[in-house]
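Student: One structure is given below, represented as structure tokens, and several questions about it will come after.
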Amino acid sequence: MNTQQHIDPAIWEACKEGDKAAYAHIYKLYYPRLYNYGCKFTVDAALIEDSIQEIFVRFWTNREKLLAVRELKSYLFVSFRHHLLKLLAQYRRNREDHILADGYAFDLEISAEQQRVAIEEQLEQVTVLNNALHHLTQRQKEAVFFRFYEDMSYEEIASILNISVKATYKLVARAIVMLRDAYHNAPLVKALVTLAPLIAALGSLQLSVLICAQQLPLHF
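In this text, residue positions in the sequence shown follow my numbering: the first is 4, and each later residue adds one.
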């Protein structure tokens with residue numbers, strides 16, 4: 004997930020100057036990441052793909068206005084998030100839907116493929132964590148996704164979610180506390196648990212370590 008996340012400055016400059024090959028390189032790098040992010044909001048693949056196409060058209064049009072490579076990731080995620088949520092809001096207005104506290108749905112859960120990796124005797128732990136994930140707020144899920152699956156900084160997450168960095172820290176910290184408490188308080192979870200199956204289930208080493216920990220570090 005974390006390999007080749009950053010765009011080479013030379014590719015970025017070439018893209019700004021109108022090099023379509025450089026643009027295609029950026030598109031291929033970020034398309035699967037944006038698509039994966041979009042799947043947390045909706046299962047409508049066409050809607051996700053349309054949103055990605057739209058924001059990349061905007062990106063190409065506005066590429067010269069972006070000042071540095073470091074802005075690219077936040078620009079793409081912010082633009083995609085805004086456009087997709089706008090389309091989903093339009094769609095929901097045409098049908099009755101459950102009203103969520105945060106105004107949108109964000110689905111963060113252990114995937115079926117990841118669950119198959121966990122061995123049978125630890126399915127109880129997977130179930131506990133899945134239930135705990137579903138009890139997180141939409142913003143907590145989204146912050147956890149960006150921090151532990153996209154390896155973004157708190158400043159980047161704050162920019163995307165349009166909240167303060169302090170609020171972002173609180174979102175992530177509260178989510179980890181909830182997941183850790185659910186994990187350690189589960190009646191059938193064994194006292195001694197190897198880390199490997201938990202990593203396999205969650206798909207994130209850092210998140211797994213924090214959930215296993217008895218106390219949270221000051222910064223994570």
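Glycine residues also receive a C-beta, built at the ideal position from the N, C-alpha and C atoms. Small disclaimer: the values here were computed from a predicted structure and weren't measured.
1. Going by DSSP in three states, T140 sits in which element: helix, strand or coil?
2. Whole angstroms are fine: how far does the CA of G21 sit from the CA of S77?
3. Identify whether A216 lies in helix, strand or coil by the three-state DSSP scheme.
4. When you compare only the Cα positions, how much space is there between L132 and E57?
5. Going by alpha carbons, who is nearest to I51 out of S162, S82 and H187?
6. What's the gap between the Cα of F148 and the Cα of Y34?
7. On the CB-based measure, 16 or more other CB atoms within 10 Å of its CB, does K144 come out buried or exposed?
8. Provide the residue span of the alpha helix (DSSP H) that contains A176, from first to last.
9. Where does I10 sit, in a helix, a strand or coil, going by DSSP?
10. Can you list, in chain order, the residues of its chain with a C-beta nearer than 8 Å to that of I214? Leave out the 5 residues immediately preceding and following it.
11. Grab me the residues of K23's own chain with a C-beta within less than 6 Å of its C-beta, minus the 5 sequence neighbours each way, in chain order.
12. Taking the continuous alpha helix (DSSP H) assigned at T64, which residues delimit it?
13. Between the C-alpha atoms of H101 and W15, what's the straight-line distance to the nearest angstrom?
14. Under 7 Å between the Cβ atoms of Y152 and Y172?
15. Have a look at L136, A108 and M155 and flag the residue whose alpha-carbon is nearest the alpha-carbon of G41.
16. Determine the burial state of A146: buried for a count of at least 16 other Cβ atoms within 10 Å of its Cβ, exposed for fewer.
17. Do I179 and the ligand COA come close, with the Cβ less than 6 Å from some heavy atom?
18. Is L90 helix, strand or coil by DSSP?
19. Is the CB-CB distance between E112 and L139 below 7 Å?
20. Would a C-beta distance cut-off of 7 Å place E67 and K31 closer than the cut-off?
Tutor: Once the coordinates are examined:
1. Residue state, collapsed to three classes: coil.
2. Distance between the alpha carbons of S77 and G21 is about 21 Å.
3. In the structure shown, A216 sits in coil (DSSP, three-state: anything other than H, G, I, E or B).
4. Their backbone Cα atoms lie some 35 Å apart in a straight line.
5. For I51, the nearest C-alpha among the options comes from S82.
6. Cα to Cα, the separation comes out at about 17 Å.
7. Per the 10 Å Cβ criterion, buried.
8. Start and end: V168 to N188.
9. I10 falls in the coil class under three-state DSSP.
10. Apart from the 5 residues on each side of it in sequence, I214 sits with its Cβ closer than 8 Å to the Cβ of L132, I179, L182, R183, Y186, L201 and L205 in its chain, given in chain order.
11. Nothing meets the Cβ criterion.
12. According to the DSSP assignment, T64 belongs to the alpha helix (DSSP H) that extends over A48 to N65.
13. Note that H101 scores 49 on pLDDT, short of 50, meaning its location in the model is unreliable; the coordinates nonetheless yield the value given after this. Cα to Cα, H101 sits roughly 42 Å from W15.
14. Note that the C-beta distance between Y152 and Y172 is not below 7 Å.
15. Cα-wise, what sits closest to G41 is A108.
16. A146 is buried by the Cβ-count criterion.
17. Inclusion of the ligand COA in the displayed structure is not the case, the ligand content being empty and no account of it being possible.
18. In the three-state DSSP reduction, L90 falls in the helix class (H, G or I).
19. Against a cut-off of 7 Å, the Cβ pair of L139 and E112 comes out as no contact.
20. Not closer than 7 Å, so no.
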